[in-house]
């Protein structure tokens, strides 16, 4: 196993020890548990608090979006494992600033069960918690079962806009509505060129032939929609955009944010080659790109591959996307 | 070959087409040549201009550091190939704001030959050009031949401090002196866990066994100082720090910037595990880390591995490191 680590069982905790050593002014943890991460200045009184959580192995998702203008806290699980309800509750208590808490996280069973338990426990402490689930992966289910789709990189746009709304003093209703509207306007699809390796397992969870790719694969290696010969960057971009726009039609004059996200091992150069074709295709349709995000935003360890996210904007969402944000991993 | 691209021969140009489409307000090119990249607002009159250049395949190095508070232009070669003297001259002409131009680039033969020719041609046009070579890779030669060392990730610190000095109105002498002093105080060493693949070649340039690593390997796959069994993150950090501090001693009370740089395929999680041990080792010596840089700053396509850079600071260099900088790839 080609990984830079010590004890595989301490992978997440040692990563977190490094993280807190690196960013002491920005991040801290609560309840004596490294995995209950909060903004160093939490709670921010009078602000709606935002929390997320999920398994490790996706940096900067999830914890990388905790910071000013984005999230207030994050519960951190083992690699690809849900954190516990108790950890979510500890984060919730620490970040609550008197105006309620919004959970935004991916549509995965373990996370839902634990976040729902945390919600119930928080309500017994008179903390109002709402939940918005991220289901942006168009490849994970057809439109008629869109409610079952998985959450992937598009969650970053919900963190951004809802975080901005909270930063501007929005109510829990308003922040929740912004998150919901952002996700209603957000679609993602990915392509994997190979597997990733869990530290405690030490070998790939699946294999792909030397000349194969898998369109629509999930960020934990969930099966995609089609495995086939590796295609060109342009062909990949065309198929992903066609699938996304079949699900979320775009019209001439529309404005979007585009994310071209590396899954882990794909060079930035290749992400720009993908972006080139995305930009051409949207320009041909009269769609303008308000802001591109090109880099690693939601990864799957060292998986080679990429995802493309489109976020359809409007006059309310644009200033929220452009509102300042500053975390150790992300800045606008 | 598992790469997301179209025609391998158009790898660099298509990457650049994507880049200019993504960042039109920040970056442009001159002379009708995509590979002659400049700040969109070049030339900045009355400011010393800074340029770099070198082969592609290292993003964000080199072009990712062109922007406010850092560099003014960059000549871009094919993957791992030097750009031409004519391209460097075209960049130099476009960025010259009347106070001279400083070249900062890595100590590689092809680049030196071409940058020196560009310097001569520029002088015939009454543009004064100075050069500071980056030679931060301690593994590439022993101290007695330090002048022959290669330039790697440490160049980013020279871009940052010299760029800040220029932004603050420094003279060519002053900007050059800051770059030299920064590099005199900067050391880097890397470890590779595997090869990278050139788009036009399509197969790895070397192989490493499934349980092997190579300490000190260069960012083009140049041989390192020792190939052996893959060691733990802590052992890797300890050996790299021991090598660096043998070459550049640190004392209790010293302040440093630390860069833990991923070479391409190494997950951010693993970089934080490395940083954890670097932080411990420096704290044990009474050395404080003024600012950590953890992420991908100088890559080698999809090479798995990492490098660690230490930059010893002082009261003049700290404000230059902290001075605002803003490029599409880097922000302080």
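Residue numbers (the UniProt record's numbering), protein chains in the order written: chain D, 1 to 332; chain E, 1 to 332.
We put the CB at the ideal spot given by N, CA and C, even for glycine.
In the DSSP assignment, find the unbroken beta strand (DSSP E) run with residue i in it and report its ends.
{"i": "residue 293 (chain E)", "result": "288–295"}
{"i": "residue 106 (chain D)", "result": "101–106"}
{"i": "residue 49 (chain E)", "result": "49–56"}
{"i": "residue 226 (chain D)", "result": "226–229"}
{"i": "residue 241 (chain D)", "result": "Run containing residue 241 (chain D): none in the beta strand (DSSP E); it sits in the alpha helix (DSSP H), 233–247."}
{"i": "residue 335 (chain E)", "result": "For residue 335 (chain E) there is no data in the structure shown, the boundaries of chain E being 1 and 332."}
{"i": "residue 130 (chain D)", "result": "129–134"}
{"i": "residue 256 (chain E)", "result": "255–262"}
{"i": "residue 144 (chain D)", "result": "Premise fails: residue 144 (chain D) is in no beta strand (DSSP E) and is neither H nor E."}
{"i": "residue 214 (chain E)", "result": "212–215"}
{"i": "residue 38 (chain D)", "result": "36–39"}
What residue range is occupied by the uninterrupted alpha helix (DSSP H) comprising residue i?
{"i": "residue 159 (chain E)", "result": "155–167"}
{"i": "residue 117 (chain D)", "result": "109–124"}
{"i": "residue 86 (chain E)", "result": "85–95"}
{"i": "residue 317 (chain E)", "result": "317–322"}
Nearest to residue i by alpha carbon, out of the options?
{"i": "residue 248 (chain E)", "options": "E:276, E:60, E:312 and E:232", "result": "E:312"}
{"i": "residue 288 (chain E)", "options": "E:271, E:262 and E:252", "result": "E:252"}
{"i": "residue 115 (chain E)", "options": "E:76, E:316 and E:291", "result": "E:76"}
{"i": "residue 52 (chain E)", "options": "E:300, E:268 and E:162", "result": "E:162"}
{"i": "residue 142 (chain D)", "options": "D:85, D:187 and D:228", "result": "D:187"}
{"i": "residue 137 (chain E)", "options": "E:232, E:33, E:219 and E:299", "result": "E:219"}
{"i": "residue 60 (chain E)", "options": "E:297, E:331 and E:119", "result": "E:297"}
{"i": "residue 126 (chain D)", "options": "D:208, D:158 and D:118", "result": "D:118"}
{"i": "residue 306 (chain D)", "options": "D:332, D:330, D:210 and D:194", "result": "D:194"}
{"i": "residue 208 (chain D)", "options": "D:88, D:226 and D:64", "result": "D:226"}
{"i": "residue 197 (chain E)", "options": "E:56, E:14 and E:16", "result": "E:56"}
{"i": "residue 107 (chain D)", "options": "D:101, D:88, D:304 and D:135", "result": "D:135"}
{"i": "residue 216 (chain E)", "options": "E:192, E:259 and E:292", "result": "E:192"}
{"i": "residue 273 (chain D)", "options": "E:91, E:2 and E:16", "result": "E:16"}
{"i": "residue 259 (chain E)", "options": "E:241, E:180 and E:73", "result": "E:241"}
{"i": "residue 6 (chain D)", "options": "E:120, E:236 and E:212", "result": "E:236"}
Would you call residue i buried or exposed, if buried means 16 or more other Cβ atoms sit within 10 Å of its Cβ?
{"i": "residue 45 (chain D)", "result": "exposed"}
{"i": "residue 276 (chain D)", "result": "buried"}
{"i": "residue 145 (chain E)", "result": "exposed"}
{"i": "residue 340 (chain E)", "result": "Because chain E in this structure spans residues 1 to 332, residue 340 (chain E) falls outside the shown range and cannot be described."}
{"i": "residue 184 (chain D)", "result": "exposed"}
{"i": "residue 201 (chain E)", "result": "exposed"}
{"i": "residue 334 (chain D)", "result": "Since the first residue shown for chain D is 1 and the last is 332, residue 334 (chain D) is missing from the structure and cannot be characterised."}
{"i": "residue 82 (chain E)", "result": "buried"}
{"i": "residue 123 (chain D)", "result": "exposed"}
{"i": "residue 246 (chain D)", "result": "exposed"}
{"i": "residue 229 (chain E)", "result": "exposed"}
{"i": "residue 335 (chain E)", "result": "Residue 335 (chain E) falls outside the range modelled here, since chain E spans only 1 to 332, and no answer is possible."}
{"i": "residue 283 (chain D)", "result": "exposed"}
{"i": "residue 190 (chain D)", "result": "buried"}
Could you have a look at residue i and say whether DSSP puts it in helix, strand or coil?
{"i": "residue 18 (chain E)", "result": "helix"}
{"i": "residue 284 (chain D)", "result": "helix"}
{"i": "residue 312 (chain E)", "result": "strand"}
{"i": "residue 71 (chain E)", "result": "strand"}
{"i": "residue 64 (chain E)", "result": "helix"}
{"i": "residue 197 (chain E)", "result": "strand"}
{"i": "residue 392 (chain D)", "result": "Chain D is shown only over 1 to 332; residue 392 (chain D) falls outside these bounds and no answer can be derived."}
{"i": "residue 176 (chain E)", "result": "helix"}
{"i": "residue 331 (chain E)", "result": "strand"}
{"i": "residue 8 (chain D)", "result": "helix"}
{"i": "residue 307 (chain E)", "result": "strand"}
{"i": "residue 27 (chain D)", "result": "strand"}
{"i": "residue 137 (chain E)", "result": "strand"}
{"i": "residue 279 (chain E)", "result": "helix"}
Any beta carbon of chain B sitting closer than 7 Å to that of residue i?
{"i": "residue 39 (chain E)", "result": "Of the protein chains in the structure, D and E, none is chain B."}
* Could you list the residues in the region 267–281 of chain E with a C-beta less than 7 Å from some C-beta on chain D, going in chain order? => 267, 268, 269, 270, 272, 273, 274, 275, 276 and 279
* Closer than 7 Å, Cβ to any Cβ of chain D: which residues of the region 302–318 of chain E, in chain order? -> Of all residues in the region 302–318 of chain E, 302, 304 and 306 have a Cβ within less than 7 Å of some Cβ in chain D.
* Please list the residues of the region 186–216 of chain D that have a C-beta atom closer than 7 Å to any C-beta atom in chain E, keeping them in chain order. => 193 and 194
* What residues in the region 229–241 of chain D bring their beta carbon closer than 8 Å to a beta carbon of chain E? -> The residues in question are 230, 232, 233, 234 and 236.
* Asked: If you measure beta-carbon to beta-carbon, which residues of the region 285–300 of chain D are closer than 7 Å to chain E?
  -> The region 285–300 of chain D vs chain E, Cβ under 7 Å: 292, 294 and 299.
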